[in-house]
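Visitor:
Protein chains in written order, with this note's numbering: chain A, 666 to 883; chain B, 666 to 883.
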């Protein structure tokens with residue numbers, strides 16, 4: 666299948682960050698279209714983008730005219746259609762473990778902290794910036810504590826979350842660690858995660874996907 | 666592979682509900698062990714359960730001695746190890762769509778409304794029961810609006826979210842609709858979802874997985 670790929674992205678979105686890493690690891694180039702989540706009342710709410718993504722969330726990846734939503738579904742799709750290098754291990758137990766780590770970030774940390782949640786906490790519940798930061802730190806810490814326990818005790822943990830090559834687990838973990846750093850949270854408290862982060866940023870696929878290295882970065 | 670399956674479940678957990686449906690659709694029987702999320706300060710925090718699930722979340726499925734976490738990772742594993750009937754479509758685009766719908770529930774509705782979130786809103790932010798209900802209704806409505814748009818306009822929608830047989834998408838959607846009903850939200854506002862719910866509850870696999878039909882139901 667030809668790689669006609671367009672990524673609707675926003676530099677700060679950690680879900681878009683995941684897909685940028687996956688594309689880089691696969692050696693795929695996507696045209697980037699920028700959806701600014703704060704300008705114009707949120708460009709994700711515009712009619713054109715809503716047709717591609719009725720959830721009004723980034724990212725969306727369009728492949729040969731087919732819009733794909735939800736970063737984990739997009740990455741599983743990329744792994745099926747462009748299998749090299751694989752982003753999931755070859756065995757079912759390994760895949761379950763990698764997906765569990767990915768979902769522990771993608772379900773249980775990220776959505777409770779994302780932009781729409783912070784907006785709601787501010788506008789509807791009247792929380793201050795400090796209180797919203799406390800909220801974010803709470804859920805990230807809870808999630809990282811569990812991930813540190815899981816990864817520190819697993820025999821399959823290597824330089825990356827599962828073995829010595831990056832998988833879907835690292836693709837989810839690293840953007841969440843970038844969010845933690847953006848909140849000035851130290852990551853030394855989670856030594857296994859910190860080592861994996863160091864291994865990841867030795868690879869251009871992770872480095873080049875960083876928010877600050879995007880064309881729409883501010 | 667022999668089916669030595671133990672499910673750590675709680676009747677009210679909609680993540681456990683998903684796995685119960687998947688096991689039923691596959692015709693698999695798992696021994697149930699009950700983790701009461703409210704008794705004893707939360708049995709999910711006990712040392713024995715924490716070894717199986719360092720996130721302190723239900724469900725955990727143990728297969729031949731291997732503990733598996735995160736409902737979506739568990740269901741993907743079941744689909745790989747026990748392939749009949751399949752819970753994902755045969756084509757990559759279909760799988761991406763089904764996973765996107767599943768994740769729109771599992772990431773963007775469920776975790777922002779689950780027990781630990783409601784406890785935090787009550788204890789840390791001092792919100793009343795009514796305010797917490799408003800919070801839940803808000804996020805469920807936002808999610809269902811998007812899902813209704815996605816499913817109403819997709820040519821692949823049939824009696825179920827994708828075609829005429831249940832998939833991972835329905836396995837996530839139906840427990841979330843049960844949560845909406847438990848909050849006394851009508852579902853008529855989302856007619857496509859309501860039709861899918863009716864189709865689902867014509868099947869024993871969904872009916873028997875309902876919270877009220879569990880041995881630990883109160």
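Where a beta carbon is used, it is the ideal one built from N, C-alpha and C, also for glycine. Bear in mind that the values here come from a model prediction, so they are computed numbers and not experimental data.
Taking the CB atoms as reference points, tell me whether residue 675(B) and residue 723(B) lie closer together than 8 angstroms.
Guide: Your numbering for residue 675(B) matches position 10 in the second chain. Your numbering for residue 723(B) matches position 58 in the second chain. Taking 8 angstroms as the Cβ cut-off, residue 675(B) and residue 723(B) qualify as a contacting pair.
Visitor: Give the straight-line distance between the Cα atoms of residue 827(B) and residue 680(B), rounded to the nearest whole angstrom.
Guide: Against the second chain, residue 827(B) aligns to sequence position 162. Against the second chain, residue 680(B) aligns to sequence position 15. Distance between the alpha carbons of residue 827(B) and residue 680(B) is about 20 angstroms.
Visitor: DSSP three-state label for residue 732(B), please.
Guide: Against the second chain, residue 732(B) aligns to sequence position 67. Residue 732(B) falls in the strand class under three-state DSSP.
Visitor: Kindly indicate the opening and closing residues of the alpha helix (DSSP H) around residue 675(B).
Guide: Position 10 of the second chain, counted from the first residue, corresponds to residue 675(B). It is not in any alpha helix (DSSP H) - residue 675(B) carries neither H nor E in the DSSP assignment.
Visitor: Under 8 angstroms between C-beta atoms, does residue 802(B) make it to chain A?
Guide: Along the second chain, read from residue 1 onward, the residue named residue 802(B) stands at position 137. With 8 angstroms as the cut-off, residue 802(B) does not count as an interface residue toward chain A.
Visitor: Output the boundary residues of the alpha helix (DSSP H) element that contains residue 841(A).
Guide: Here residue 841(A) refers to the residue found at position 176 when the first chain is read from its first residue. It spans 833 to 847 - the alpha helix (DSSP H) in which residue 841(A) sits, taken as one unbroken run.
Visitor: List the residues of chain A that residue 841(B) touches, going by C-beta distances under 7 angstroms, in chain order.
Guide: Against the second chain, residue 841(B) aligns to sequence position 176. Near residue 841(B) there are no residues of chain A at all, since even the closest Cβ is about 13 angstroms away, more than 7 angstroms.
Visitor: With distances taken from CA atoms, which of 718(A), 766(A) and 704(A) is nearest residue 808(B)?
Guide: Taking the second chain and counting its residues from 1, one reaches residue 808(B) at position 143. Considering only alpha carbons, the answer is 718(A).
Visitor: Alpha carbons only, please: which of 853(B), 695(B) and 710(B) is nearest the one belonging to residue 702(B)?
Guide: Position 37 of the second chain, counting from 1, holds the residue named residue 702(B). Selected option, being the one with the closest Cα: 710(B).
Visitor: Inspect the beta-carbon positions of residue 697(B) and residue 880(B) and report whether they are closer than 8 angstroms.
Guide: Here the question's residue 697(B) lines up with position 32 in the second chain. Here the question's residue 880(B) lines up with position 215 in the second chain. Yes, they are a contact pair.
Visitor: Of the choices 669(B), 762(B), 764(B) and 714(B), whose alpha-carbon is the least far from that of residue 746(B)?
Guide: Position 81 of the second chain, counted from the first residue, corresponds to residue 746(B). Answer by Cα proximity: 669(B).
Visitor: Per the DSSP calculation, residue 698(B) is bridged to which residue(s)?
Guide: The residue you call residue 698(B) lines up with position 33 of the second chain. Answer is 673(B), bridged to residue 698(B).
Visitor: According to DSSP, residue 727(A) sits in a beta bridge with which residue or residues?
Guide: Stepping through the first chain from its first residue, residue 727(A) is reached at position 62. Partner(s): 671(A) and 732(A).
Visitor: Residue 796(B) to residue 720(B), Cα distance in whole Å?
Guide: The residue given as residue 796(B) occupies position 131 in the second chain. The residue given as residue 720(B) occupies position 55 in the second chain. Between residue 796(B) and residue 720(B), the C-alpha separation is close to 27 angstroms.
Visitor: Have a look at residue 791(B) and residue 789(A) and give me their C-alpha separation to the nearest angstrom.
Guide: For the purposes of this step, residue 791(B) is taken as residue 126 along the second chain, with counting starting at 1. For the purposes of this step, residue 789(A) is taken as residue 124 along the first chain, with counting starting at 1. Rounded to whole angstroms, residue 791(B) to residue 789(A) spans 14 angstroms at the Cα level.
Visitor: In the DSSP assignment, the alpha helix (DSSP H) including residue 766(B) goes from what residue to what residue?
Guide: Locating residue 766(B) in the second chain gives position 101, where the first residue counts as 1. Run containing residue 766(B): 757 to 771, per the alpha helix (DSSP H) assignment.
Visitor: What does the alpha-carbon distance come out to for the pair residue 786(A) and residue 694(B)?
Guide: To locate residue 786(A), count along the first chain from 1; it is residue 121. To locate residue 694(B), count along the second chain from 1; it is residue 29. One C-alpha to the other measures close to 43 angstroms.
Visitor: Pick from 678(B), 751(B) and 883(B): whose alpha carbon is nearest that of residue 687(B)?
Guide: Taking the first residue of the second chain as 1, we reach residue 687(B) at position 22. Nearest C-alpha to residue 687(B): 751(B).
Visitor: If the cut is a Cβ gap below 8 angstroms, which residues of chain B does residue 773(A) touch?
Guide: Here residue 773(A) refers to the residue found at position 108 of the first chain. Here the neighbours are 720, 722 and 776.
Visitor: Spatial neighbours of residue 871(B) within its chain, please: CB distance less than 7 angstroms, with the 5 preceding and 5 following residues excluded, ordered by chain position.
Guide: As a working note, residue 871(B) is residue 206 in the second chain. Here the set comprises 686, 839 and 865.
Visitor: Under 8 angstroms, with one C-beta from each stretch per pair, do the stretch 768 to 777 of chain B and the stretch 773 to 787 of chain A reach the 3-pair mark?
Guide: In short, these stretches touch, since the Cβ pair count reaches three.
Visitor: Quick check: the Cα distance between residue 666(A) and residue 769(B), rounded to an integer number of angstroms?
Guide: Working through the first chain from its first residue, we reach residue 666(A) at position 1. Working through the second chain from its first residue, we reach residue 769(B) at position 104. Any reading at residue 666(A) must be qualified, since the residue scores a pLDDT of 48, below 50, and its modelled position is unreliable; the value itself is stated next. Cα to Cα, the separation comes out at about 27 angstroms.
Visitor: Taking residue 762(B) as the reference, give the member of 851(A), 743(A) and 867(A) with the closest Cα.
Guide: Within the second chain, the letter at position 97 stands for residue 762(B). Checking every option, the nearest Cα to that of residue 762(B) belongs to 743(A).
Visitor: Please list the residues of the stretch 805 to 839 of chain A that have a C-beta atom closer than 7 angstroms to any C-beta atom in chain B, keeping them in chain order.
Guide: Flagged, chain order: 811, 814 and 815.
Visitor: Which two residues bound the contiguous alpha helix (DSSP H) that contains residue 815(A)?
Guide: The sequence position of residue 815(A) within the first chain is 150, counting from 1. Here the alpha helix (DSSP H) through residue 815(A) covers 794 to 818.
Visitor: Excluding sequence positions up to five away, which residues of its chain have a Cβ less than 8 angstroms from the Cβ of residue 733(B)?
Guide: As a first step, residue 733(B) is located in the second chain; it is residue number 68 there, counting from the start. 725, 726, 727, 739 and 742, listed in sequence order.
Visitor: Could you name the residues that DSSP lists as bridge partners for residue 822(A)?
Guide: For the purposes of this step, residue 822(A) is taken as residue 157 along the first chain, with counting starting at 1. 828(A).
Visitor: Could you tell me whether the Cβ of residue 731(B) comes closer than 8 angstroms to any Cβ of chain A?
Guide: If you number the second chain from 1, residue 731(B) lands on position 66. Judged by the 8 angstroms Cβ criterion, residue 731(B) is in contact with chain A.
Visitor: For residue 861(A), return the contacting residues in chain B, with the cut-off set at a CB-CB distance below 8 angstroms.
Guide: As a position in the first chain, residue 861(A) is number 196, starting the count at 1. By Cβ distance, chain B contributes nothing, its closest Cβ being about 16 angstroms from residue 861(A), past 8 angstroms.
Visitor: Which whole-angstrom value describes the C-beta separation of residue 798(B) and residue 736(B), a residue pair presumed to lie in contact below a C-beta threshold of 8 angstroms?
Guide: If you number the second chain from 1, residue 798(B) lands on position 133. If you number the second chain from 1, residue 736(B) lands on position 71. 24 angstroms between Cβ atoms; not a contact.
Visitor: Answer yes or no: does any C-beta atom of chain A fall closer than 8 angstroms to that of residue 739(B)?
Guide: If you number the second chain from 1, residue 739(B) lands on position 74. So, interface residue.
Visitor: Which residue comes first and which comes last in the alpha helix (DSSP H) that contains residue 788(B)?
Guide: By 1-based counting over the second chain, the position of residue 788(B) is 123. Its alpha helix (DSSP H) spans residues 780 to 788.
Visitor: Can you check whether the CB of residue 852(B) is closer than 8 angstroms to the CB of residue 845(B)?
Guide: Taking the second chain and counting its residues from 1, one reaches residue 845(B) at position 180. Taking the second chain and counting its residues from 1, one reaches residue 852(B) at position 187. Their beta carbons are under 8 angstroms apart, which means residue 845(B) touches residue 852(B) by this criterion.
Visitor: Counting contacts by CB-CB distance shorter than 8 angstroms, is residue 758(A) in contact with chain B?
Guide: The residue given as residue 758(A) occupies position 93 in the first chain. For residue 758(A), the answer is yes, since a Cβ of chain B falls inside 8 angstroms of its Cβ.
Visitor: Given a cut-off of 8 angstroms on the beta-carbon distance, is the pair residue 753(B) and residue 832(B) in contact?
Guide: The count along the second chain starts at 1 and reaches residue 753(B) at position 88. The count along the second chain starts at 1 and reaches residue 832(B) at position 167. It is a contact, given that the beta carbons lie within the stated cut-off.
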